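Undergrad:
Numbering (my numbering), first residue to last: 1189 to 1585.
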């Protein structure tokens, strides 16, 4: 995910290294959690991941257009998901908090480097007029900064961490989203916080006072009221900036909906046609809508696929296209469990989960075990674990 102008490296076969890291993490987690001694104690999250693993293996073997690509992608994703959820769930509360702050610090470091590159050509390495900062693409920078912005803001509102540096991080991350031009990330950032506030009140086991603990701090309340009053007083300016952000690169007669359809419509048309032809079977996990045109990098004479990128803009539609109705239902159950489980941990975990899910309505990396997809799995594990008490001996949480 790092800007190639910084690393000066060739990521063509980066999938090999990623696979080694993910598999090593999985083996390490299995050893440290003593999986073989506790497999009989299985949680609901463990069970749904196990069912998904069996389904994806069976589906890849019998229904995928390119079986080996689907099987290896499914194996990597399930392995990464199992390692993440198991690792987070088997930490003590202190370990979990320390690790979460370390991940947050890494994202803040990316923000700082991106800010430093605002006036340097490396910050515009891919396109001279689109800011990508420390990341490999502007559409990579946007989602990462959106998650950081939501996480920082929800720590202030939900946990009462009214610290100047945290406010600065939240505002700077929002600025980076606007500079990147990642409209999906910008909308997801706003809707993610609003949706978390609404969903949390319904599903969370916490009281409203506990869920919005930061609002009991006068400094947080005054700050939010000041932002609200400022937004009302400068509605024309705020509205103009927001509309310009949403309608960038669009014609004046276009609008955000037409622009979305222009950039994603052709992808959706092909996916819908595939769904019509095989609503039950699907085309295969991680397979492009046009399998015959899919580029697959294979490792030497072994022919093992190590990189097979696909571009799909709407994750729910992509899941239905690839896995069929049965697979989509299983994924829906997993997502619902994740939302409800993370809501028990407070505003921050739920807001991060919902922001990621909303970003997937425009950038489908839901089942990628690398890049933003891997970051998503790491934080999904944290969010789900934040809402549950550690149970020694649980398999995958």
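All C-beta atoms, glycine included, are put in the ideal place defined by N, C-alpha and C. From a predicted model like this one, the values you see are computed outputs, not experimental measurements.
Leaving out five residues before and five after residue 1564 in sequence, what residues of the same chain have Cβ atoms less than 6 Å from its Cβ?
TA: 1544
Undergrad: Answer yes or no: do residue 1248 and residue 1262 have a C-beta to C-beta separation smaller than 8 Å?
TA: yes
Undergrad: Please report the straight-line C-alpha distance between residue 1441 and residue 1314, rounded to a whole angstrom.
TA: Reliability fails at residue 1441, whose pLDDT of 43 lies under 50, so the model's placement of it is uncertain and the value that follows must be treated cautiously. Their backbone Cα atoms lie some 29 Å apart in a straight line.
Undergrad: Please determine, among 1388, 1407, 1410, the residue with the shortest C-alpha to C-alpha distance to residue 1400.
TA: 1388
Undergrad: Does the region 1407 to 1420 come close enough to the region 1548 to 1558 that 3 or more CB-CB pairs lie under 8 Å?
TA: Taking 8 Å as the limit for Cβ pairs, the verdict is that the region 1407 to 1420 does not touch the region 1548 to 1558.
Undergrad: Hey, out of 1324, 1259, 1233, 1560, whose CA is closest to residue 1492's CA?
TA: Answer by Cα proximity: 1259.
Undergrad: What residue does the alpha helix (DSSP H) around residue 1540 start on, and which one ends it?
TA: 1535 to 1547
Undergrad: Please report how far the alpha carbon of residue 1217 lies from the alpha carbon of residue 1208, in whole angstroms.
TA: 14 Å
Undergrad: Which residues in the same chain as residue 1561 place their Cβ atom closer than 6 Å to its Cβ, once the five residues preceding and following it in sequence are excluded?
TA: 1553
Undergrad: Under the rule that 16 or more other beta-carbon atoms within 10 Å means buried, what is residue 1510, buried or exposed?
TA: When all chains shown are included, residue 1510 counts as buried.
Undergrad: Starting from the N-terminal side, write out each stretch of the beta strand (DSSP E) that is 3 residues or longer and does not extend beyond the region 1270 to 1294.
TA: Whole beta strand (DSSP E) segments, 3+ residues: zero.
Undergrad: Any idea what DSSP makes of residue 1228, helix, strand or coil?
TA: Caution is warranted here: a pLDDT of 45 is assigned to residue 1228, below 50, making its placement in the model unreliable, and the coordinate value is therefore given only provisionally. Three-state DSSP puts residue 1228 in coil, outside helix and strand.
Undergrad: Taking the alpha-carbon of residue 1361 as reference, which of 1302, 1236, 1390 has the nearest alpha-carbon?
TA: 1302
Undergrad: Go ahead and pull the three-state DSSP assignment for residue 1495.
TA: strand
Undergrad: Can you name, in chain order, every residue of its own chain whose Cβ lies under 7 Å from the Cβ of residue 1292, other than the five neighbours on each side?
TA: 1339
Undergrad: Does the beta-carbon distance from residue 1243 to residue 1549 come in below 8 Å?
TA: For residue 1243 and residue 1549, no; Cβs fall outside 8 Å.
Undergrad: Can you give the Cα-Cα distance for residue 1470 and residue 1253, rounded to whole angstroms?
TA: 9 Å
Undergrad: For residue 1481, count neighbouring Cβ atoms within 10 angstroms of its own Cβ and tell me buried if that reaches 16, exposed if not.
TA: exposed
Undergrad: Find the nearest neighbour of residue 1393 within the set 1236, 1534, 1347, judged by alpha-carbon distance.
TA: 1534
Undergrad: If you draw a straight line from the alpha carbon of residue 1267 to that of residue 1414, how long is it in whole angstroms?
TA: 46 Å
Undergrad: For a test of the three-state rule: what should DSSP assign to residue 1190, helix, strand or coil?
TA: strand
Undergrad: Tell me which residue opens and which closes the alpha helix (DSSP H) that residue 1343 is part of.
TA: 1326 to 1347
Undergrad: Going by alpha carbons, who is nearest to residue 1214 out of 1331, 1265, 1346?
TA: 1265
Undergrad: In its own chain, which residues sit with a C-beta less than 6 Å from the C-beta of residue 1571, not counting the 5 before and 5 after it?
TA: 1530, 1537, 1540, 1541
Undergrad: Just checking my contact of residue 1496 with residue 1484 at CB under 8 Å: how many whole Å lie between their CB atoms?
TA: Confirmed, about 4 Å.
Undergrad: I'd like to confirm the pairing. Which residues does DSSP put opposite residue 1318 in its beta bridges?
TA: 1315
Undergrad: Can you tell me whether DSSP reads residue 1393 as helix, strand or coil?
TA: coil
Undergrad: If you reduce the DSSP assignment to three classes, tell me which class residue 1405 lands in.
TA: Residue state, collapsed to three classes: coil.
Undergrad: Taking one C-beta from the region 1312 to 1331 and one from the region 1379 to 1386 each time, how about it: are there three or more such pairs within less than 8 Å?
TA: no
Undergrad: Under the rule that 16 or more other beta-carbon atoms within 10 Å means buried, what is residue 1227, buried or exposed?
TA: No answer about residue 1227 holds up, because its pLDDT of 48 lies below 50 and its placement is not dependable.
Undergrad: Taking the C-alpha atoms as reference points, what is the distance between residue 1166 and residue 1287?
TA: Beyond the ends of the chain as shown, which are 1189 and 1585, falls residue 1166; an answer cannot be given.
Undergrad: Mind checking which residues open and close the alpha helix (DSSP H) that includes residue 1563?
TA: That run of the alpha helix (DSSP H) goes 1560 to 1574.
Undergrad: Would you decide whether residue 1507 is buried or exposed? Buried here means 16 or more other CB atoms lie within 10 Å of its CB.
TA: buried
Undergrad: Who pairs with residue 1323 in a beta bridge, going by DSSP?
TA: 1190
Undergrad: For residue 1348 versus residue 1405, is the C-beta spacing smaller than 8 Å?
TA: When the beta-carbon positions are compared, residue 1348 and residue 1405 come within less than 8 Å of each other.
Undergrad: Rounded to whole angstroms, what's the CA-CA distance from residue 1366 to residue 1246? Just pull it up for me.
TA: 43 Å
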